[in-house]
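Engineer: Protein chains in written order, with the numbering used here: chain A, 1 to 346; chain B, 1 to 346; chain C, 1 to 346.
Glycine residues also receive a C-beta, built at the ideal position from the N, C-alpha and C atoms.
Please read all numbers here as calculations on a predicted model, not as lab measurements.
So that we are looking at the same thing, I have put the structure below in structure tokens.
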């Protein structure tokens, strides 16, 4: 494609030669002639004239140099869309492999791709164009919406609901029992976990993430939520639309997140919390209290992000503060002694 | 069942109409007529008169209102038992699917349920009424006690021992090599890991949890232990009876836990520690020293829980303390100057 | 074998009777006659005369007692090598099981061991003497170097490269999509992840660890790296040779580690960092800035390890410091009052 065609398609402006031919996308370091790259972070602007890319996607503020530029408001989004354009292949059904085990009572959509060693249980609904990679298990009475992709060894416990265009990466577990026990004379009596998991449309979940079923009622992942690898979602959690949950986060039972929430890596949330819309929680934070909408909190225990920054700046100064404190006490002692001496002298 | 029958079965007292028919259990928000719910946490008592449940399990202190009550000392345990009563189905063997791979030298119990794509290695012992879901691997010379359930894609390395009534959720790995290397000229020489894992009776382990085999000797999970999802148990760890290990905890090599220990979410323990009976360790704590029995510790590094609470209360005050310190030094300087001036004046 | 033969083989010295017969290796507590054990940590020296082992591997400084000793500079390495000697079995090919699914276009080496329910995709290269356990998936166009072992349910996404003598434990995922989205009007637009993962020779990776493919370009794990269980490696990360990554570490996108780096358990690294050669990062640390070579850092946020130790020593003293501060302010007030009174008096 020509640069000007890409610009038109993406809604951007060419600065330079729009006739340049672009055939693929690469990183700023690896790009070669015929490739387009991008700069989303101003800190990489110094690389603009070093790259061998034929064109660079930048924001409109960038001062033009030797390179052909494609100027757009959101260069990262434009890059994502152009990369999608160049790499997305049309879906091709591979059919149902004879080494898969499919219940005769399952309702199968059209144009499926079902690999060997897949298990589809009784009374499942599998939507059109669903892809199930080797080792996928779909327990009885579960449903998978159309165009969803379940990578290898994904486990869907019986009775779960997965929406459309959902992507589950390898090793994701949906519907394992929530962690609930009642103490009885020092022993742990298992609380049956009979709720379900509902995963709505356009959700993506990273590899080896665990999502427990509800005790009663459901664990719910709303439309557009993106969850990274090795995340723990406990029973009866609700994650609001378009939220972002980064790797190794743990969310305890019955905690509810609003929409557009961001939890950075390794965050832990205790149970029964309410986290408001648009909340951002910094990496490794430990949250034990509700967080109202539109707040940024960090720390363990979590506090407003600015307060956290002030706190951690002074933390390493505490040993020195302690010395100053002791020094001042000595000076105070001397002064008090002196004053009382003065008095006596008088 | 009638409410009075449930009361009799659970050992509680009816306040209200014992003839009310109860056919299932639901959460306080979702309960409808004919259903029973529970209040274990006093903070939810305000919902008592709003629920549409026909009866509510409560503790004896609750003041009766319009609702029919089932009063018991431990409402959560009573709820768990009634839920079990209403939801537990009798075990039904599904037999051994012809798509499973079973070694001719394996010793199989009676009334098994073995799904497609299960692998049972040479000389394994599989107890009566064991359920092995699709993708389960039981390596040679391993044994699984009766009535145990191994969910999809559980991996049991060769030579491991699993007790009776054990539940392993999807993706659990039992017996992967411990993480041991000896440095040799800057390179890492692998220390062979030739020990085993022993999991005793009535243990439950959450999805995607990893339990490494011992280097020499065994990693041991004692009777009644409950482990949540995504937990890391290193080589030669011992977890005492009835302990509770919450999600994403990591326990390093050779650390020994007493019985009835509770590790909250995301706790990390270094290696070679002794953690006493009944110890409780707060979420996200980092423990690098032994903890004597019956203590509650929190923090990273961990300290007595009360000390931790005092500490985190004052932490955010440190920046202000630093300003006060500087302010006081100025005042001290002025005073000292003044006093010496006074002296000179004299 | 005789003790003197082991000494010769390992390059050590016998103190005691070199004719003693040794037939296996055990821990210092469990060792019996005919077994050798080791003491690598001086803190266990008190056990030297209690063990029933026939011989003990120790460092040359140890003062001889009743036990036959094998003295070497690095007892732990010697132990590892002797344990390897006693436990390593020669490789025996089991062939390719008829219940595996192998693409006709895959190029297979000699003397393979391929278990049931393995999937080998189109155009894969599988080296000589590779072992693929049940449930392993090797996506199309991937290659596995000779003598590598992939344990049960390992997933290799299409197009990945695995070196020689690599060990991947159960549930490892290599090549899941990196976590990348561009915001578009409040929704998350998926950034295609079209890069690969390269794992070089002699790497070992623990169970349930996730390694994402690059967005563009590759995620790279260099020769000799050892990664523990449940670790998260994001897109475009590079881990330098012989580095050690302990359990539950998370490394964010595009962060580059030098060689011989050690990350202790549960460490988190943000994205786009440069971590120099030989850096050591303490357990549970959170690193958000570059770390130059040869440094030891700890804490969240991370700081030089000594500074961290000083800081955490004084942390619990902050509540008391605050009281002292208030007390001193009162004393200052009294003094200032007194001085001005004195003045007035004059």
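Please compile the residues from chain B whose C-beta is within a distance smaller than 8 Å of the C-beta of residue 176 of chain A.
Structural biologist: One-based indexing of the first chain puts residue 176 of chain A at position 176. Result: 151, 169, 170, 206, 207, 229.
Engineer: Residues of chain A with a CB under 9 Å from the CB of residue 101 of chain C: which are they?
Structural biologist: Residue 101 of chain C sits at position 101 when you count from the first residue of the third chain. Those within 9 Å of residue 101 of chain C in chain A are 97, 99, 115, 116, 117, 134.
Engineer: Whole angstroms is fine: what's the gap from residue 248 of chain B's alpha carbon to residue 204 of chain B's?
Structural biologist: By 1-based counting over the second chain, the position of residue 248 of chain B is 248. By 1-based counting over the second chain, the position of residue 204 of chain B is 204. Taking the straight line from one Cα to the other gives about 15 Å.
Engineer: Go ahead and pull the three-state DSSP assignment for residue 40 of chain C.
Structural biologist: Locating residue 40 of chain C in the third chain gives position 40, where the first residue counts as 1. Three-state DSSP puts residue 40 of chain C in coil, outside helix and strand.
Engineer: Rounded to whole angstroms, what is the Cα-Cα separation between residue 14 of chain C and residue 26 of chain C?
Structural biologist: Mapped onto the third chain, residue 14 of chain C falls at position 14. Mapped onto the third chain, residue 26 of chain C falls at position 26. Approximately 19 Å, taken between the alpha carbons.
Engineer: Given residue 181 of chain A, which residues of its chain have a CB within under 7 Å of its CB, disregarding the five upstream and five downstream residues?
Structural biologist: Within the first chain, residue 181 of chain A is the residue found at index 181, counting from 1. Contacts found: 188, 189, 190, 191.
Engineer: Three or more C-beta pairs under 8 Å: does that hold for the region 248-262 of chain C against the region 276-283 of chain C?
Structural biologist: As far as the Cβ criterion goes, the region 248-262 of chain C touches the region 276-283 of chain C, which means the pair count is three or higher.
Engineer: At a cut of 8 Å, does the region 17-36 of chain C reach the region 49-59 of chain C through at least three beta carbon pairs?
Structural biologist: Enough Cβ pairs lie closer than 8 Å, so yes.
Engineer: Between the alpha carbons of residue 151 of chain B and residue 268 of chain A, how many angstroms are there, rounded?
Structural biologist: As a working mapping, residue 151 of chain B is identified with position 151 in the second chain. As a working mapping, residue 268 of chain A is identified with position 268 in the first chain. Each residue's Cα considered, the two are about 26 Å apart.
Engineer: Nearest chain A C-beta to residue 350 of chain C closer than 8 Å, yes or no?
Structural biologist: With chain C covering 1 to 346 only, the question about residue 350 of chain C has no answer from this structure.
Engineer: Taking any Cβ of chain C, which residues in the region 216-228 of chain A have a Cβ under 7 Å from it, in chain order?
Structural biologist: Cβ contacts with chain C come from 224, 226, 228.
Engineer: Which word fits residue 23 of chain C, buried or exposed, when buried means at least 16 other C-beta atoms lie within 10 angstroms of its C-beta?
Structural biologist: Here residue 23 of chain C refers to the residue found at position 23 when the third chain is read from its first residue. Per the 10 Å Cβ criterion, exposed.
Engineer: For residue 321 of chain C, write down the residues that DSSP places opposite it in a beta bridge.
Structural biologist: Counting from one through the third chain, the residue named residue 321 of chain C turns up at place 321. DSSP output for residue 321 of chain C lists no bridge partner at all.
Engineer: If you count every other CB in all the chains shown that lies within 10 Å of the CB of residue 306 of chain B, and 16 or more means buried, which is it?
Structural biologist: Locating residue 306 of chain B in the second chain gives position 306, where the first residue counts as 1. Exposed is the call here.
Engineer: Could you give the distance in angstroms between the alpha-carbon of residue 20 of chain A and the alpha-carbon of residue 197 of chain C?
Structural biologist: Within the first chain, numbered from 1, the residue matching residue 20 of chain A stands at position 20. Within the third chain, numbered from 1, the residue matching residue 197 of chain C stands at position 197. Between residue 20 of chain A and residue 197 of chain C, the C-alpha separation is close to 31 Å.
Engineer: Residue 68 of chain C lies in the beta strand (DSSP E); which residues open and close that run?
Structural biologist: The residue you call residue 68 of chain C lines up with position 68 of the third chain. Its beta strand (DSSP E) spans residues 68-71.
Engineer: Buried or exposed for residue 170 of chain C, going by 16 or more other Cβ atoms inside 10 Å?
Structural biologist: The count along the third chain starts at 1 and reaches residue 170 of chain C at position 170. Residue 170 of chain C should be labelled buried.
Engineer: Between the Cα of residue 316 of chain A and those of C:309, C:319, C:322, C:320, spot the shortest distance and give me the residue it belongs to.
Structural biologist: The residue given as residue 316 of chain A occupies position 316 in the first chain. The shortest C-alpha separation from residue 316 of chain A is found at C:309.
Engineer: List, in order along the chain, the chain A residues whose C-beta lies closer than 7 Å to that of residue 27 of chain B?
Structural biologist: Reading the second chain from its first residue, position 27 is the one you call residue 27 of chain B. What residue 27 of chain B touches in chain A: 216, 217.
Engineer: For residue 239 of chain B, which residues does DSSP report across the bridge?
Structural biologist: On the second chain, position 239 is the one that residue 239 of chain B refers to. Beta-bridge pairing links residue 239 of chain B to B:221, B:257.
Engineer: Taking 8 Å as the CB-CB cut-off, is residue 387 of chain C touching chain A?
Structural biologist: Outside the modelled stretch of chain C, which goes from 1 to 346, sits residue 387 of chain C, for which no answer is possible.
Engineer: Residues of chain C with CB under 8 Å from residue 22 of chain A, in chain order?
Structural biologist: For this step, residue 22 of chain A is matched to residue 22 along the first chain. Per Cβ cutoff of 8 Å: no residues; residue 22 of chain A is ~14 Å from chain C at best.
Engineer: In chain C, which residues lie less than 7 Å from residue 310 of chain B when you measure between Cβ atoms?
Structural biologist: For the purposes of this step, residue 310 of chain B is taken as residue 310 along the second chain, with counting starting at 1. Within chain C, the residues near residue 310 of chain B are 319.
Engineer: Let me check understanding here. Comparing Cα to Cα, which of C:311, C:226, C:161, C:322 lies closest to residue 219 of chain C?
Structural biologist: Along the third chain, read from residue 1 onward, the residue named residue 219 of chain C stands at position 219. Among C:311, C:226, C:161, C:322, the Cα nearest to that of residue 219 of chain C belongs to C:161.
Engineer: Using a Cβ-Cβ cut-off of less than 7 Å, give me the residues of the region 325-345 of chain C that come near chain B, in sequence order.
Structural biologist: From the region 325-345 of chain C, only 325, 328, 329, 332, 335, 336, 339 have a Cβ closer than 7 Å to chain B.
Engineer: Please list, in chain order, the chain C residues whose beta carbon lies closer than 7 Å to that of residue 157 of chain A.
Structural biologist: As a position in the first chain, residue 157 of chain A is number 157, starting the count at 1. Within 7 Å Cβ-Cβ: nothing; residue 157 of chain A doesn't reach chain C, min ~17 Å.
Engineer: Would you say residue 294 of chain A faces chain C, with C-beta separation under 8 Å as the test?
Structural biologist: To locate residue 294 of chain A, count along the first chain from 1; it is residue 294. It does not; no Cβ of chain C falls within 8 Å.
Engineer: Which two residues bound the contiguous beta strand (DSSP E) that contains residue 157 of chain C?
Structural biologist: In the third chain, residue 157 of chain C corresponds to position 157, counting from 1. Element bounds for residue 157 of chain C: n/a, residue is neither H nor E.
Engineer: Determine, using beta carbons only, whether residue 118 of chain B and residue 106 of chain B come nearer to each other than 8 Å.
Structural biologist: Within the second chain, residue 118 of chain B is the residue found at index 118, counting from 1. Within the second chain, residue 106 of chain B is the residue found at index 106, counting from 1. No. Outside cutoff.
Engineer: In terms of residue numbering, what span does the beta strand (DSSP E) encompassing residue 110 of chain C cover?
Structural biologist: Start at 1 with the first residue of the third chain, and residue 110 of chain C comes out as number 110. That residue, residue 110 of chain C, is in no beta strand (DSSP E); it is neither H nor E in DSSP.
Engineer: How would you list, in chain order, the residues of chain C whose beta-carbon sits under 8 Å from the beta-carbon of residue 30 of chain A?
Structural biologist: Looking up residue 30 of chain A in the first chain gives position 30. Per Cβ cutoff of 8 Å: 216, 217.
Engineer: State the start and end residues of the unbroken beta strand (DSSP E) segment that holds residue 5 of chain C.
Structural biologist: The residue labelled residue 5 of chain C in the question sits at position 5 within the third chain. Careful: residue 5 of chain C lies outside any beta strand (DSSP E), inside the alpha helix (DSSP H) at 3-10.
Engineer: Going along chain A, which residues have a C-beta under 9 Å from residue 287 of chain B?
Structural biologist: Position 287 of the second chain holds residue 287 of chain B. Chain A residues near residue 287 of chain B: none, gap ~15 Å exceeds 9 Å.
Engineer: Leaving out the 5 sequence neighbours to the left and right, which residues in its chain are closer than 6 Å to residue 38 of chain B when beta-carbon positions are compared?
Structural biologist: Here the question's residue 38 of chain B lines up with position 38 in the second chain. So the list reads 57, 75, 79, once near-sequence residues are dropped.
Engineer: Check whether the Cβ atoms of residue 132 of chain C and residue 157 of chain C sit closer than 8 Å, and answer yes or no.
Structural biologist: Here the question's residue 132 of chain C lines up with position 132 in the third chain. Here the question's residue 157 of chain C lines up with position 157 in the third chain. No. Outside cutoff.
Engineer: By Cβ distance, which residues of its chain are closer than 6 Å to residue 237 of chain A, with the 5 residues on each side in sequence left out?
Structural biologist: Here residue 237 of chain A refers to the residue found at position 237 of the first chain. Excluding residues within five positions, the ones whose Cβ falls inside 6 Å are 219, 251, 255.
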